[in-house]
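Take the position in the sequence shown, starting the count at 1, then add 334; the result is the number in my numbering.
Here a beta-carbon is modelled for each residue, glycine too, at the ideal position from N, C-alpha and C.
First up is the structure itself, then whatever we jot down about it.
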Amino acid sequence: MKTHKFVGISAAIAAGALLLTGCSAGGAATGDNVSNGKTEKSFIYVTFEPIGINKFLESGKVGIEEAAKKFGGTSKVFEGQNNAETARANLEAAVGEAPDVITMMGFNYEDLSKEFAEANADQEFLLIDACPADAPANLHCAVFREYEPSYLLGIEAGALTKTNKIGSVASVDIPFLHRYTDSFALGAKSVNPAIEDSQLFIGGTNPFADPAKGKEQALAMAATGRDQIFAVGAGSNGGIFEAADAQSFTSYGVDVNQCPDAPGVVGDGSLKYANVVLVSEIGKILDGTAEGVSSYGLAEGGMDIVSLSKDAETSQCTVMEHPDVVAQLAAAKQKIIDGEITIPDPLQG
């Protein structure tokens with residue numbers, strides 16, 4: 335068994351897997367094969383939800399296909415239907431095929447990944463964007479340093495605000511989500527000491543998929559003069575973007591490019607490159623160098639912000655109208671990578 339610093343925060347990680355919550359779908363699990371003609375290796379990617387309704391999961395599909403091409407072999411995708419029964423059935427089917435690596439993504443697999451890894455000691459498992467406590471040696475985890483791109487978005491907000499008032503609307507008030515909200519505020523204050531920050535939380539019975547409450551909280555925040563608001567609400571973000579359109583404030587998205595979701599009112603957003611992480615970790619598993627938990631941020635290419643990505647020019651993010659700010663962000667990103675800017679992790683107190 336291996337113990338790591340994420341022990342005891344599984345609930346926090348669950349709430350922080352932003353775009354992996356709050357979706358619903360029907361239908362049966364599906365599998366896709368991708369091969370490059372070599373069959374000595376095989377990889378299976380298991381999802382909790384159908385990929386078509388979750389853009390973040392698509393990155394994992396791209397990654398498993400890239401892994402098959404890079405390492406020689408085949409890839410399969412078993413899509414879930416947003417319920418535990420299908421998730422378990424798909425893992426059972428995956429284990430039955432005995433691939434080189436079975437990959438999962440998100441907090442929905444925290445318990446199942448540990449259970450299946452303990453029951454199948456000869457099978458290698460990879461869990462991305464979450465990690466259970468005391469994971470067995472054949473379960474490898476990859477997590478993200480969300481506070482790094484959040485800090486950059488804060489710099490952007492601090493540079494662009496006209497009121498010196500910014501804020502965040504997040505799903506719930508837990509330490510993990512403060513990786514986003516606190517780091518956003520810290521980044522803003524690093525370039526604008528006059529910044530006043532405010533944080534509101536959606537709460538309720540479905541905080542990750544309540545766009546109406548997200549909109550309500552964002553409107554309340556806008557009424558206090560906040561003109562730059564970080565949307566950290568997963569499936570609730572649509573409501574925050576509606577509020578941005580109604581009150582003409584700038585919002586910021588998470589995990590994938592959400593600028594096209596509300597053209598003209600989303601300034602930028604953080605990105606998680608699950609495909610990069612997946613290929614990297616599978617390579618480590620195959621050559622025997624994988625650690626219990628690997629952390630990915632700006633330096634490793636596991637995270638970024640939309641305005642500094644290769645697709646920035648076509649992103650529809652409004653910050654692209656401010657090349658001076660984009661240049662400022664690029665400089666700050668490099669300083670974070672080089673260690674010249676050190677950002678505290680809110681999870682570590």
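Nearest to residue i (by Cα), restricted to the options the options
{"i": "Thr381", "options": "Asp434, Gly407 and Leu460", "result": "Leu460"}
{"i": "Gly685", "options": "Tyr607, Ser585, Lys618 and Glu383", "result": "Lying before the first or after the last residue shown, residue 685 is absent from the chain, which here runs from 335 to 683."}
{"i": "Ala504", "options": "Phe564, Glu550, Pro527 and Thr539", "result": "Phe564"}
{"i": "Leu391", "options": "Val611, His474, Leu446 and Phe405", "result": "Val611"}
{"i": "Ala428", "options": "Asp445, Ala451, Gly603 and Ile619", "result": "Ala451"}
{"i": "Gly559", "options": "Ser649, Ser484 and Ala578", "result": "Ala578"}
{"i": "Glu413", "options": "Glu400, Ala402, Asp679 and Met439", "result": "Met439"}
{"i": "Asp645", "options": "Pro680, Val613, Val599 and Cys593", "result": "Cys593"}
{"i": "Val659", "options": "Ser649, Lys547, Gln650 and Leu642", "result": "Leu642"}
{"i": "Leu663", "options": "Glu383, Ala522, Ala453 and Cys475", "result": "Ala522"}
{"i": "Val613", "options": "Leu494, Lys403 and Asn540", "result": "Lys403"}
{"i": "Phe510", "options": "His656, Gln415, Ala552 and Ala464", "result": "Ala464"}
{"i": "Ala552", "options": "Gln581, Asn388 and Gly386", "result": "Gln581"}
{"i": "Ile639", "options": "Val599, Thr623 and Val590", "result": "Val590"}
{"i": "Gly631", "options": "Cys651, Ser604, Glu647 and Ile387", "result": "Ser604"}
{"i": "Pro433", "options": "Ala476, Glu374, Gly538 and Gln682", "result": "Glu374"}
{"i": "Gly394", "options": "Glu647, Ala476 and Pro527", "result": "Ala476"}
Strand pairing of residue i, partner residues [DSSP]
{"i": "Leu461", "result": "Met438 and Cys475"}
{"i": "Thr584", "result": "Gln562"}
{"i": "Tyr630", "result": "Phe478"}
{"i": "Gln533", "result": "Ser502"}
{"i": "Phe390", "result": "Answer by DSSP bridge pairing: none, since Phe390 is not bridged."}
{"i": "Met637", "result": "Lys606"}
{"i": "Val600", "result": "Ser585"}
Proximity below 9 Å, CB of residue i to CB of residue j
{"i": "Ala377", "j": "Ile462", "result": "Note that residue 377 is Phe in the sequence shown, not Ala. No, Cβ-Cβ distance for Phe377 and Ile462 is not below 9 Å."}
{"i": "Gln562", "j": "Ala491", "result": "yes"}
{"i": "Val506", "j": "Ile536", "result": "yes"}
{"i": "Ile616", "j": "Phe441", "result": "no"}
{"i": "Pro545", "j": "Gly567", "result": "yes"}
{"i": "Ala666", "j": "Tyr443", "result": "no"}
{"i": "Gly538", "j": "Lys547", "result": "yes"}
Residues near residue i by beta carbon distance below 6 Å, same chain, minus five either side
{"i": "Ala633", "result": "Ile671"}
{"i": "Thr676", "result": "none"}
{"i": "Tyr607", "result": "Gly636"}
{"i": "Leu473", "result": "Ser447, Ala451 and Phe459"}
{"i": "His512", "result": "Pro680"}
{"i": "Phe583", "result": "Ala556, Asp561 and Ile563"}
{"i": "Thr495", "result": "Asp561 and Gln562"}
{"i": "Ser649", "result": "Asn591, Cys593 and Val640"}
{"i": "Ala401", "result": "Phe377, Val613 and Ile616"}
{"i": "Lys339", "result": "A caution first: Lys339 carries a pLDDT of 40, below 50, which makes its placement in the model too unreliable to give a value."}
{"i": "Lys389", "result": "Val590"}
Beta-carbon proximity list for residue i, same chain, < 8 Å, skipping 5 on both sides
{"i": "Glu431", "result": "Ser376, Ile378 and Lys410"}
{"i": "Asp595", "result": "Asn571, Gly572, Phe575 and Gly587"}
{"i": "Asp621", "result": "none"}
{"i": "Cys651", "result": "Asn591, Cys593, Val600, Gly601, Asp602, Gly603, Val640 and Ser641"}
{"i": "Glu655", "result": "none"}
Cut-off 7 Å between Cβ atoms - residues of its own chain near residue i, not counting five sequence neighbours on either side
{"i": "Met555", "result": "Gly501, Val503, Ser532, Leu534 and Ile563"}
{"i": "Leu313", "result": "Only positions 335 to 683 of the chain appear in this structure, which leaves residue 313 out of reach."}
{"i": "Val653", "result": "Glu490, Gly601, Asp602, Ser641, Val659 and Val660"}
{"i": "Val525", "result": "Ile489, Gly492 and Ala493"}
{"i": "Ile619", "result": "Val435, Glu458, Leu460 and His474"}
{"i": "Val396", "result": "Asn609"}
{"i": "Ala351", "result": "The pLDDT assigned to Ala351 is 44, lower than 50, so where the model puts this residue is not dependable, and the model offers no usable value."}
Pair every Cβ in the stretch 668-677 with every Cβ in the stretch 492-501, then say whether three or more of these pairs are closer than 8 Å. no
Closer than 8 Å is the cut-off here; do at least three beta carbon pairs connect the stretch 467-477 with the stretch 623-638? yes
Is there contact here, the stretch 514-521 with the stretch 480-495, by at least three beta-carbon pairs under 8 Å? yes
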